[in-house]
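Just so you know, the protein sequences line up as chains B and S, in that order. Each residue of the first sequence is one higher than the last, beginning at 25 in my numbering. Each residue of the second sequence is one higher than the last, beginning at 757 in my numbering. Here's the structure, in structure tokens; my notes come after.
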Amino acid sequence: RKEVEQDPGPFNVPEGATVAFNCTYSNSASQSFFWYRQDCRKEPKLLMSVYSSGNEDGRFTAQLNRASQYISLLIRDSKLSDSATYLCVAGGSYIPTFGRGTSLIVHP
Amino acid sequence: DTGVSQNPRHKITKRGQNVTFRCDPISEHNRLYWYRQTLGQGPEFLTYFQNEAQLEKSRLLSDRFSAERPKGSFSTLEIQRTEQGDSAMYLCASSLRRDQPQHFGDGTRLSIL
């Protein structure tokens, strides 16, 4: 079993839709969590950190559920430019571990 | 530009050759990571430095791979006797603390002929 698991998708949604991704982690000692965005053949770029109480950045909301060991990313009012792969990361006292990413395709 | 810098951006070489990649982290970041990424997968951890000390190495890192970070600044990743399976994107990232987000360079795309 992988340490960080994500549904690879693709999630195919129309512009304006709301879409949510989940990511589960197996290491209960994980303390830091992040979402990264990766465009095709580019490097991962930090989208947002995930805080225990949940946090929002514009159209993006991240949440953490420690009991069930998952983090989520919600994207509201999807734009064409949101099309990318979204990687979740769990870390803390150990090396940050990446999921394989979830592919999002936003179509007109 | 004060981001993470990697070079070369692309490397094409014949099987059996040695290659070396360089990474210059963000200057105040003392933690430096190397990852490898293949199509459809997330970045896979290779090795980690805190300052000049190489603190962790993945089991993925065979004896053909070696990394250094002299003086705790830039780092190099060398692959000896390259194999077809080494074709991948090699990513370098740095961070200020282990629990803080990593910042990635553009990566070096390695193609083995």
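A virtual CB, placed ideally from N, CA and C, is assigned to each residue, including glycine.
On the CB-based measure, 16 or more other CB atoms within 10 Å of its CB, does residue i come out buried or exposed?
i      : result
Y75/B  : exposed
C64/B  : exposed
E834/S : exposed
Q871/S : Shown here, chain S extends from 757 to 869; a query on residue 871/S therefore has no answer.
E67/B  : buried
T838/S : buried
R853/S : exposed
H131/B : exposed
P34/B  : exposed
T794/S : exposed
S54/B  : buried
Q773/S : exposed
A91/B  : exposed
N786/S : buried
G796/S : exposed
Q88/B  : Position check: residue 88/B holds Leu in this sequence, whereas Gln was assumed. Buried, because 16 or more other Cβ atoms sit within 10 Å of the Cβ of L88/B.
G123/B : buried
Nearest CA to the CA of residue i: which residue from the options?
i      : options                        : result
G125/B : S96/B, S54/B, N79/B, T42/B     : S96/B
D106/B : A91/B, K69/B, S54/B, F57/B     : K69/B
S102/B : P32/B, N36/B, K26/B            : N36/B
R100/B : E29/B, A91/B, F84/B            : F84/B
F58/B  : L111/B, A91/B, R90/B           : L111/B
R820/S : H785/S, E784/S, D842/S         : D842/S
A41/B  : L98/B, V28/B, Y49/B            : L98/B
M72/B  : K26/B, V113/B, V28/B, L104/B   : V113/B
Y789/S : G796/S, V775/S, S814/S         : S814/S
S818/S : Y804/S, F805/S, Q806/S, Q836/S : Q836/S
For the putative contact between residue i and residue j, defined by C-beta atoms under 8 Å, what is the C-beta separation to the nearest angstrom?
i      : j      : result
T832/S : A823/S : 7 Å
S867/S : I768/S : 5 Å
Q858/S : P38/B  : With a Cβ gap of about 33 Å, Q858/S and P38/B do not count as contacting.
E808/S : R825/S : 5 Å
S50/B  : E27/B  : 5 Å
Quick one: what's got a C-beta closer than 6 Å to residue i's C-beta in the same chain, skipping five residues either side?
i      : result
L869/S : K770
G115/B : S56
N79/B  : A86
D780/S : S761, F830
Which of helix, strand or coil does DSSP assign to residue i?
i      : result
L827/S : The question names Leu, but residue 827/S is Lys in the sequence shown. Three-state result, K827/S: helix.
S107/B : coil
D780/S : strand
Q840/S : helix
P34/B  : coil
L88/B  : strand
H766/S : strand
G125/B : coil
V113/B : strand
Identify, in the order they occur along the chain, each residue of the same chain with its Cβ nearer than 7 Å to the Cβ of residue i, setting aside the five sequence neighbours on each side.
i      : result
A108/B : R61, Q62, D63, L128
I782/S : T758, G759, V760, S850, H859
D862/S : Q762, R765
Leaving out five residues on either side along the sequence, give the residues of the same chain with a beta carbon under 8 Å from the beta carbon of residue i.
i      : result
R792/S : P799, E800, L802, L816, A844, M845, Y846, L847
N763/S : F777, R778, T864
D31/B  : F45, N46, T126
K827/S : E808
S117/B : A53, Q55
E716/S : For residue 716/S there is no data in the structure shown, the boundaries of chain S being 757 and 869.
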